[in-house]
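Below is one structure, written out as structure tokens; the observations come after it.
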Amino acid sequence: MAIFRDFSSQKRDRSASDRQRHKELVKKKIKEGIADIIAEEAIIGKNKNKVIKVPIKGIKEYRFIYGKNSKGAAQGTGNEEKGQVIQDGRGQPGQGVGQAGNRPGEDIYETEITIEEAVNMMFEDMELPDLDRKKYFQTEAETYRKYLGYQKKGVRARLSKRKTMKNRLKRKKILGSNLQEGESFPFHNDDLVYKRLVVDIQEHSNAVVFCLMDTSASMDQIKKYLARSFYFLLYSFLKNRYRNTEIVFVAHHTEAKEVTENEFFHKVESGGTMISSGYKKVLEIIEQRYNPAIWNIYAFHCSDGDNFSSDNRAAVEYAKQLTEVCNLFGYGEIKPNTSYSWSSMIDEFRKIEAENFISLKIRNKENIWPALKKFLTLDHSNSLLED
Amino acid sequence: MDWTISELDKWNDKIEELAQKLGLDYFPQEFEVCDYHDMLGYQSYVGMPSRYPHWSFGKSFEKQRTMYKHGVGGLAYEMVINTNPCLAYLMIDNPLSMQVLTMAHVYGHNDFFKNNINFSHTRPEFALEMFKRHAERVRSYVEMPSIGYSRVENILDAAHSISFHTDRNLRVKRLTEEEQKDEYYRNLNRSPDPWSHLKSKDFRHEQEFMPEPTEDLLGFIADNNKRLEPWEKDLLNIVKEETLYFMPQMETKIMNEGWASFWHFTILNRLNLPANMHMDFIRAHNQVIRPHIGGLNPYHIGYCIFTKLAGSDGHTIEYDINQQIFDVRTIDRDVSFLRRFLTEDLARELHLFEYQQKGSRVTVSEVSDEEGWESVRDTLLKNIGMNGIPCIKVKDINSRTNTLQLIHSYDDRELELNYVRKTMEHVYNLWSRNPVTLDTTIDGRDVKCTYRDENFTVEEN
């Protein structure tokens with residue numbers, strides 16, 4: 000005599016809130032690890048809507064467990080022989096012998112997110128430093144509304160009572176009847192007149208960001224990769240946050256020129272390095288197109304710091320000039336652990352004492368995200384500076 | 000849906016009649032029809048309709064749903080919980096033949112829960128109530144403004160990390176410190192020092208008597224960390240109580256599934272199913288008890304042993320049911336069950352082998368032949384039930400530094416150090432951020448892992 004309870008679709012989804020909390024934790028985890036994920040070479044400069052599959056190591060529930068070196072037992076086909084290798088290299092999870100026993104396998108979730116979403120997550124809490132917020136216009140587009148003219152259709156809130164009243168009286172007069180004091184007569188649909196609302200958009204594209212990159216011969220593949228990763232993040236951030244921000248790309252070796260986004264990320268140049276040329280070019284462009292009285296100017300420069308020493312003085316001089324016109328000027332020296340170089344611009348730049356100048360070193364992919372954060376928060380601490 | 004509730008009811012009567020005739024002894028049975036979404040939900044809460052909130056249950060749900068979506072399992076055929084009356088879930092999408100098989104299977108589990116001695120402490124008549132009360136209490140802490148969700152979550156995260164480190168075997172009587180002391184002096188044929196209670200604990204090292212290290216780390220912290228607030232202690236005890244309820248299921252997985260599979264096979268063969276249903280049943284049965292190559296299928300292993308014990312070869316349907324199997328289902332747990340009944344022939348038949356991992360390479364280190372099978376069996380025994388979980392004991396508290404001293408009972412199996420670090424961080428938090436040490440063996444050397452001032456170190460002892 001068993002009791003049967005029939006299916007009921009009225010049941011509560013009990014796990015909903017626990018799933019929600021788990022999702023929050025996963026998101027937090029992605030946010031922490033995204034710098035790694037996003038700086039993969041394959042996605043740099045690619046379509047921002049490209050869906051990337053991000054394998055996330057699940058939120059681990061740590062316990063005391065045995066290491067992988069202990070033995071396990073499993074069922075086989077009966078053809079196993081002692082000494083036989085049954086798995087070599089990285090096996091497919093969920094298959095093969097490695098799964099046997101009580102050892103918790105690695106929880107791996109695959110999350111499909113777009114690069115844009117990923118970047119969004121990274122920059123959720125960040126803003127460009129608005130150093131001179133009061134002095135300059137805000138970067139956001141300003142919109143305001145005003146009534147201009149009238150229209151036959153509209154919402155009740157914008158009904159023009161005065162015009163509508165006039166229309167009603169006109170109609171009555173046209174019909175030839177005399178108006179009696181205190182006489183009431185109905186409104187007609189045709190009497191109704193609405194105020195026309197015009198949305199006036201005033202856009203102030205008054206922030207400009209200069210991306211300046213050293214493309215000399217000494218900038219080898221790794222360095223370029225790091226610089227590109229850095230700019231990719233910066234660029235994604237800006238695109239994402241400030242629709243009305245202009246971005247100017249400048250590439251330099253001994254000479255500098257303004258380039259397109261595509262050229263900036265993909266062109267290969269060669270030759271020596273004259274950092275001053277890049278700064279000079281930026282200053283020129285600022286003078287021609289971006290009056291510092293109106294524009295918020297942010298400039299970033301990535302270089303391996305391998306400059307012609309005769310150029311150092313000029314470079315420092317121009318850099319100082321840049322700090323005078325820019326809200327923020329950041330210098331990122333790309334120095335991978337593997338490379339060796341004689342000179343370092345960063346030592347020269349220590350002479351510059353400006354609040355809005357930040358210089359730091361980027362040694363590996365892991366440094367990119369902290370570097371960007373340090374720039375954008377005007378963090379003058381010594382992290383990312385030491386050798 | 001090719002069935003109605005009243006049809007299931009009819010089949011159930013036939014199944015029950017057979018089950019009783021064949022000697023099964025079970026709690027009253029209740030079946031609830033659910034869909035796959037409900038089933039995933041029940042699974043992530045280990046069957047309990049009511050459970051306290053924690054993200055790990057959400058994770059479990061997502062994981063099983065992902066697996067189910069990708070067709071790599073994740074969905075139980077059936078789910079039976081250890082309650083009185085016994086509660087089981089039937090999936091609405093399953094055809095009649097599957098429902099009948101599941102129902103017969105359920106009576107096997109029900110009988111096992113009621114009779115296996117390892118479940119004797121679980122009080123199945125109060126189980127649902129217990130989980131509900133726990134959930135209510137945890138929710139009340141969450142809603143208390145002075146506590147809130149994240150503080151509750153932090154304690155639960157930490158408590159879960161050591162949830163298995165409680166009394167591993169309730170059938171082994173644990174003596175209190177007083178009882179141990181009495182026994183110690185009785186063995187010495189001497190009276191205990193009558194002034195010992197006047198001496199400060201610092202002198203305990205100089206005393207002769209030392210209490211046995213306890214396996215109940217979770218309970219030890221709840222009882223001995225004076226700085227824990229009552230709600231924190233309560234959370235630790237909730238986790239401990241629920242672990243003690245579930246532990247017998249971990250300890251008898253192979254037996255329990257084998258027993259239920261043996262009974263669904265036995266009952267269905269005697270049900271006089273119509274031909275088409277019988278074919279479906281055989282197909283489903285073979286699916287359930289097929290070996291998992293490269294893994295271990297508890298259904299398969301348990302089923303093979305029970306059919307052998309019952310005097311069947313597992314293929315014929317005519318066999319007498321031997322009384323011995325009822326005794327076995329009452330007194331054994333997986334470890335004793337396999338130690339007693341996993342013979343060389345069976346090890347060979349189940350194609351059991353032993354493997355060893357070195358780096359990313361996995362090698363067969365032993366096979367079930369004449370020389371190797373015992374070694375394979377012993378390795379298997381080391382990896383099932385609570386044996387798969389390292390044994391960590393509380394050695395002592397250094398009362399001057401308030402250091403919680405743990406010791407790992409090393410048995411040639413090393414701990415995963417990264418997990419040790421993270422787990423010790425949890426223990427450190429539960430120990431009110433006082434130092435925690437753990438003695439273990441790494442690379443053949445005795446080491447002491449220390450968590451102190453947010454720092455984890457490993458030093459040679």
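Here the protein sequences line up with chains A and B, keeping their order.
Just so you know, numbering that gives the first Met the number 0 puts 99 at position 100 of the first sequence, and the rest follows in order with no gaps.
Just so you know, numbering that gives the first Met the number 0 puts 316 at position 317 of the second sequence, and the rest follows in order with no gaps.
Glycine included, every Cβ here is placed at the ideal spot set by N, Cα and C.
Bear in mind the structure is a predicted one, so any value in this text is a computation, not a measurement.
Using only CA atoms, which one of Pro291/A, Ser16/A and Glu60/A lies nearest to Val207/A? Stepping through the first sequence from its first residue, residue 207/A is reached at position 208. Measuring from the Cα of Val207/A, the nearest candidate turns out to be Pro291/A.
If you count every other CB in all the chains shown that lies within 10 Å of the CB of Glu77/B, and 16 or more means buried, which is it? Within the second sequence, residue 77/B is the residue found at index 78, counting from 1. Glu77/B is buried by the Cβ-count criterion.
For Cys210/A, which of helix, strand or coil comes out of DSSP? In the first sequence, counting from the first residue as 1, residue 210/A sits at position 211. Here Cys210/A carries a strand assignment [DSSP, helix/strand/coil].
Identify every run of the alpha helix (DSSP H) within the stretch 299 to 368 of chain B, keeping only runs that are complete inside it and at least 4 residues long; order them along the chain. 323 to 330, 333 to 340 and 343 to 348
When you compare only the Cα positions, how much space is there between Gly100/A and Gly387/B? The sequence position of residue 100/A within the first sequence is 101, counting from 1. The sequence position of residue 387/B within the second sequence is 388, counting from 1. In this prediction, Gly100/A has a pLDDT of 32, which is less than 50 and means its spatial position is unreliable; nothing more can be read from the coordinates.
Cutoff 8 Å; reference Asn382/B; Cβ partners in own chain excluding five residues on either side: The residue labelled residue 382/B in the question sits at position 383 within the second sequence. So no residue of the chain qualifies.
For Ser364/B, which residues in chain A fall below 9 Å Cβ to Cβ? One-based indexing of the second sequence puts residue 364/B at position 365. Near Ser364/B (Cβ distances below 9 Å), the residues of chain A are Lys70, Lys81 and Gly82.
In or out: Ala103/B buried (at least 16 other Cβ within 10 Å) or exposed? Counted from its first residue, the second sequence places residue 103/B at position 104. Burial call: buried.
State yes or no: is the beta carbon of Asn11/B nearer than 7 Å to at least one beta carbon in chain A? Sequence index remark: in the second sequence, residue 11/B carries index 12 (1-based). Interface residue (Cβ-Cβ distance to chain A less than 7 Å): Asn11/B is classified as such.
How about Gln86/A: is its C-beta nearer than 7 Å to some C-beta of chain B? Position 87 of the first sequence, counting from 1, holds the residue named residue 86/A. Output row for Gln86/A: interface = yes.
For Phe30/B, which beta-bridge partners are listed by DSSP? Translated into positions along the second sequence, residue 30/B becomes position 31. DSSP, once it has assigned bridges, lists Phe3/A and Ala87/B as partnering Phe30/B.
With Gln98/B as the anchor, note down where its beta strand (DSSP E) starts and where it stops. Here residue 98/B is taken as the residue at index 99 of the second sequence, counted from 1. Gln98/B -> not in any beta strand (DSSP E); alpha helix (DSSP H) instead, spanning Leu95 to Asn114.
How is the beta strand (DSSP E) around Ser358/A delimited, first residue to last? If you number the first sequence from 1, residue 358/A lands on position 359. Where Ser358/A is concerned, the enclosing beta strand (DSSP E) stretches over Phe356 to Ile361.
So does the stretch 94 to 111 of chain B actually touch the stretch 256 to 263 of chain B, counting three or more Cβ pairs closer than 8 Å? Taking 8 Å as the limit for Cβ pairs, the verdict is that the stretch 256 to 263 of chain B does touch the stretch 94 to 111 of chain B.
Does the stretch 43 to 54 of chain B come within contact of the stretch 298 to 315 of chain B, defined as at least 3 CB pairs closer than 8 Å? no
Whose Cβ in chain A lies nearer than 7 Å to the Cβ of Asp8/B? One-based indexing of the second sequence puts residue 8/B at position 9. Going along chain A in sequence order, the residues near Asp8/B (Cβ under 7 Å) are Phe3.
For Leu327/A and Ala134/B, what's the separation of their Cα atoms in angstroms? Along the first sequence, read from residue 1 onward, the residue named residue 327/A stands at position 328. Along the second sequence, read from residue 1 onward, the residue named residue 134/B stands at position 135. Their backbone Cα atoms lie some 53 Å apart in a straight line.
Leu237/A and Arg195/A: beta carbons closer than 7 Å? Here residue 237/A is taken as the residue at index 238 of the first sequence, counted from 1. Here residue 195/A is taken as the residue at index 196 of the first sequence, counted from 1. No. Outside cutoff.
Assign Gln356/B to one of two classes, buried (16 or more other C-beta atoms within 10 Å of its C-beta) or exposed (fewer than that). Within the second sequence, numbered from 1, the residue matching residue 356/B stands at position 357. Result: buried.
In chain order, what residues of the same chain lie with their CB nearer than 8 Å to the CB of Lys162/A, ignoring the 5 residues before and after it? Residue numbering aside, residue 162/A sits at position 163 when the first sequence is read from its first letter. If we look at Lys162/A and ignore the five residues flanking it on each side, its Cβ neighbours are Tyr149 and Val192.
Specify, as a first and last residue, the run of the beta strand (DSSP E) that Glu459/B falls within. Sequence index remark: in the second sequence, residue 459/B carries index 460 (1-based). That run of the beta strand (DSSP E) goes Asn454 to Glu459.
Assign Arg89/A to one of two classes, buried (16 or more other C-beta atoms within 10 Å of its C-beta) or exposed (fewer than that). The sequence position of residue 89/A within the first sequence is 90, counting from 1. The predicted model places Arg89/A with a pLDDT of 45, which falls under 50 and marks its position as unreliable, so this point remains unresolved.
Inter-residue spacing [alpha-carbon to alpha-carbon] between Ser8/A and Asp166/B: Reading the first sequence from its first residue, position 9 is the one you call residue 8/A. Reading the second sequence from its first residue, position 167 is the one you call residue 166/B. When rounded, the distance between both Cα atoms is 41 Å.
Inter-residue Cα distance where the pair is Gln94/A and Leu295/B: For the purposes of this step, residue 94/A is identified with residue 95 of the first sequence, where counting begins at 1. For the purposes of this step, residue 295/B is identified with residue 296 of the second sequence, where counting begins at 1. Because Gln94/A carries a pLDDT of 34, less than 50, the predicted location of this residue cannot be relied on, and no value is offered for it.
Rounded to the nearest angstrom, what separates Phe245/B and Leu86/B at their Cα positions? Along the second sequence, one-based indexing puts residue 245/B at 246. Along the second sequence, one-based indexing puts residue 86/B at 87. Rounded to whole angstroms, Phe245/B to Leu86/B spans 15 Å at the Cα level.
Assigned secondary structure, Val393/B (DSSP; H/G/I helix, E/B strand, else coil): On the second sequence, residue 393/B is found 394 positions in, with the first residue counted as 1. In this structure, Val393/B counts as strand in the three-state DSSP scheme.
I need the DSSP call for Gln150/A, collapsed to helix, strand or coil. As a working mapping, residue 150/A is identified with position 151 in the first sequence. It is a strand residue.
Could you confirm whether any beta carbon from chain B is found closer than 7 Å to the beta carbon of Lys67/A? Taking the first residue of the first sequence as 1, we reach residue 67/A at position 68. The C-beta of Lys67/A comes closer than 7 Å to at least one C-beta of chain B.
Using a Cβ-Cβ distance cut-off of 7 Å, determine whether Asp131/A contacts chain B. In the first sequence, counting from the first residue as 1, residue 131/A sits at position 132. For Asp131/A, the pLDDT reaches just 48, beneath the cut-off of 50, and the residue's location in the model is therefore unreliable, leaving the point undetermined.
With 9 Å as the limit, tell me which residues of the stretch 284 to 296 of chain B have their beta carbon closer than that to any beta carbon of chain A; keep them in chain order. Pro290, His291, Ile292, Gly293, Gly294, Leu295 and Asn296
Status (buried if at least 16 other CB within 10 Å, exposed otherwise) for Pro48/B: Translated into positions along the second sequence, residue 48/B becomes position 49. Counting the other CB atoms within 10 Å of its CB gives Pro48/B a total of 16 or more, which places it among the buried residues.
Under 8 Å by Cβ, that's how I've got Ala250/A and Phe231/A pegged, so tell me the actual separation to the nearest angstrom. On the first sequence, position 251 is the one that residue 250/A refers to. On the first sequence, position 232 is the one that residue 231/A refers to. About 15 Å separates the CB atoms of Ala250/A and Phe231/A; that is not less than 8 Å, and the two are not in contact.
Give me the Cβ distance between Met298/A and Phe374/A, rounded to the nearest whole Å; I'm assuming they're in contact under 8 Å. If you number the first sequence from 1, residue 298/A lands on position 299. If you number the first sequence from 1, residue 374/A lands on position 375. Residue identity check: residue 298/A is Ala in the sequence provided, not Met. Contact flag wrong, Cβ pair sits at about 11 Å.
To the nearest angstrom, how far is it from the Cα of Ile367/A to the Cα of Ala226/A? As a first step, residue 367/A is located in the first sequence; it is residue number 368 there, counting from the start. As a first step, residue 226/A is located in the first sequence; it is residue number 227 there, counting from the start. Going by the C-alpha atoms only, they are around 9 Å apart.
Taking only beta-carbon positions, decide if Glu77/B is within less than 7 Å of chain A. The sequence position of residue 77/B within the second sequence is 78, counting from 1. Cβ-Cβ to chain A under 7 Å: no for Glu77/B.
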